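Heads up: the structure comes next, in structure tokens.
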Amino acid sequence: MDNRYFTVQELQTLKFYELPNTIYSHILSDLVHLFGVMTERMLNAFNNTSVEQLDQYVDIYKYIYIL
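Quick note: the sequence shown uses the numbering used here, first residue 313, plus one each step.
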């Protein structure tokens, strides 16, 4: 798995779509598992959300570590 380290400041400003592809794919898979067919309609909102805010829906820390 391609885990990556980020600072707290990066997570507060980094948008979901800005993540490396492998991490993005893993988190998106978790979102699809949670939201099912609704994910496609919500994707624009997710992509423009800071990565840190996605933690309320899925465990982003399985794929991202904090420095």
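Ideal Cβ positions, reconstructed from N, Cα and C, are used throughout, including at glycine.
All of these numbers come straight from a predicted model, not from anything done at the bench.
Q: Report back the beta-carbon spacing between Ser-362 and Leu-331 to the nearest angstrom; my notes put them in contact at under 8 Å.
A: With 8 Å as the limit, Ser-362 and Leu-331 do not qualify as a contact, their Cβ atoms being about 11 Å apart.
Q) Does the distance from the C-beta atom of Leu-355 to that of Tyr-317 stay below 8 Å? A) The answer is no: Cβ separation not under 8 Å.
Q.
Measuring straight from C-alpha to C-alpha, what distance separates Glu-364 and Ser-337?
A. Rounded to whole angstroms, Glu-364 and Ser-337 show a C-alpha spacing of 16 Å.
**Q.** Residues bridged to Tyr-377 [DSSP beta-bridge criterion]
**A.** DSSP lists Tyr-317 as partners of Tyr-377.
Q | Rounded separation between Gly-348 and Ile-339 - CA only | A | Roughly 13 Å separates the two Cα atoms.
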